[in-house]
Structure formats: structure tokens, C-alpha cells
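**Student:**
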Amino acid sequence: MAEKVSVLIAEEEVNARIRELAAIISKDYEGKQLHLVCVLKGGAYFMIELAKYITVPVVIDFMSVSSYGSGTTSAGRVKILKDLDEPVQGKDVLIVEDIVDSGRTLSCLKTMFESREPASLSICTLLDKPSRREVEVDVEYVGFEIPDAFVVGCGLDFDQRYRNFPYVGVVEFE
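Just so you know, the sequence shown maps onto residues 10 to 183 in my numbering.
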């Protein structure tokens, strides 16, 4: 099956919104150190760009969580492949995700993080697809709300391809 990718959100819009989110986050965490937790792999692209513009001190950690196979829909399973390197107890934690779709992954992560007793816990996502939500999850910082389409770029992939696109594109299957 061949696919074609068309632009949904241009590179300039993505970059501008990331700077806006960083300014809001910087204001909200003024006077604090922020512990950014990146959900790999897709979240890495977004988190690195976001962190460049956050003006409060940040610590970065990574977590690898799998909820998708090689298809275009959630596999319905959440599996932690790599846990954090540092404890989050007493820290201001911001989970950074590339996309919120069904909500299952973030709901699981949020419950797990709350049991680790952070001082605060918030979620930031580049993309939100509320029409696909199966589990409600509060997302404090949203880059863009998007329609129900399979998207790639800015860290999001289709079968490990297209992550490096500097824009958000919709995959159309031919």
C-alpha cells in the first residue's frame, strides 16, 4: 500500500505555537525548576523544541511507552519499555507527548506518576485529537486540536517513517 502525505499544519505554524506554549509554561512555572518527562519516541522532537524556549530551569528525562503497533490505530495496550532515570517525588513534572488520541496512554501514565508523589503534574501535547478520546484525561497545554486523521511529522510516524518532517501532515493511503 502506497501513501501520500499532505500538509495539515505548516512548519511556521508549528514553530510559532511551540514558542507560545513555552512562554505560557515559563510563566506558569516562574520561580520553579521544571522536570520535563518526554514520552518517546515521538515526543522527543516536540520536547527538544519546547525546552529551547522555556525560560525556567528544566531537567529532562525520558520514558518509552508503547501503545501502537505498525498500524494506524491504537493496539489497546500500554506497555512501559523504559522507565525514568530519576525519581519525581516532590518535583514539578510536565509530561510532554506528541499526540493525545484515545487517552489510554496518558491516563495510565498520569495514574502511575501520581503514585510517585510529584509536587505537581501537568501534561503538554503538540496535538490533541479529542474526537478519538476513549478515556478522559486533562491536558493543560495543547498545541493544536486536530481532526480524526492519521498524522505524521514533528515526531509522529507511520511505521517509523516521516518523523523528521518539520510540519504535521495527513497520511492518505492510495
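Cβ coordinates follow ideal geometry from the N, Cα and C atoms, glycine included. Computed from a predicted model, the values in this text were never measured in an experiment.
In the DSSP assignment, find the alpha helix (DSSP H) that holds Asp37 and state where it starts and stops.
**Tutor:** Glu20 to Asp37
**Student:** Going residue by residue through the segment 84–117, where are the continuous beta strand (DSSP E) segments of at least 3 residues, counting only ones entirely within it?
**Tutor:** 101–109
**Student:** Could you tell me which of Glu149, Asp101, Asp37 and Arg170 sits nearest to Glu126, measuring between CA atoms?
**Tutor:** Asp101
**Student:** Hey, Val105 and Cys47: beta-carbon distance below 8 Å or not?
**Tutor:** In this structure, Cys47 lies closer than 8 Å to Val105 by Cβ.
**Student:** List the endpoints of the continuous alpha helix (DSSP H) containing Phe55.
**Tutor:** Gly52 to Tyr62
**Student:** What do you get for Ala31, buried or exposed, if any count of 16 or more other CB atoms within 10 angstroms of its CB means buried?
**Tutor:** buried
**Student:** Any idea which residues DSSP pairs Phe182 with across the strands?
**Tutor:** Glu12
**Student:** Check whether the Cβ atoms of Asp70 and Asp94 sit closer than 8 Å, and answer yes or no.
**Tutor:** yes
**Student:** In the DSSP output, which residue or residues are listed as bridge partners for Phe167?
**Tutor:** Partner(s): Arg170.
**Student:** Using a Cβ-based criterion (distance less than 7 Å to any ligand heavy atom), does Leu103 qualify as near the ligand GTP?
**Tutor:** Only the bare structure without any ligand can be found here, which leaves the ligand GTP out of the picture.
**Student:** Evaluate contact between the segment 150–159 and the segment 116–126, counting only Cβ atoms and requiring at least three cross-stretch pairs below 8 Å.
**Tutor:** no
**Student:** Are Leu135 and Lys119 touching if we call contact CB-CB under 8 Å?
**Tutor:** no
**Student:** How would you label Lys61, buried or exposed, when you count the other beta carbons within 10 angstroms and need 16 or more for buried?
**Tutor:** exposed
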